[in-house]
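Let me begin by presenting the structure, written as structure tokens, before commenting on it.
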């Protein structure tokens, strides 16, 4: 069975994924010994925090139509489903390879790419009148992270 999601629900997932991303970077930062690497990872965690705030702000500006429920859910099960979905798709609990900064960066790039793929897939599930175009803002934010991580990875190989 196919379900439509509204923009509000997608932003809810986006906020959870950003919290997961911040946790990923903070966990990696705790495990690295190099001070510069630690600071860079904490900066990325902070950026994830900022993204969460950005998405929360975008969510607060949604129109009523973009928050319209797409399914009858008197038990509130959809919210739990969305949280579980966000928690198992990107930056989910996994072992972080902290053997090198390059390994951490590669894992982070993969997670950021996965988030873009996730949002592109979810974009097709949000009807136009429920805020489909808002997902483009999320995707642009995540693409910025990939550029930053890729630049850092390239620099670490020199």
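In our numbering, the protein residues as written are 8 to 165.
We put the beta carbon where it would ideally sit given N, CA and C, even for glycine.
Two segments are said to touch when three or more pairs of C-beta atoms, one from each, lie closer than 8 Å; by this definition the region 119-129 touches the region 151-163.
The region 37-56 and the region 101-116 touch, with no fewer than 3 CB-CB distances between them shorter than 8 Å. Out of 104, 15 and 35, the CA that lies nearest to the CA of residue 52 is found in 35. For residue 33, the enclosing alpha helix (DSSP H) covers residues 14-38. The shortest C-alpha to C-alpha distance from residue 162 to any of 56, 15, 44 and 67 is the one to 44. A straight line joining the alpha-carbon of residue 129 with that of residue 32 spans about 25 Å.
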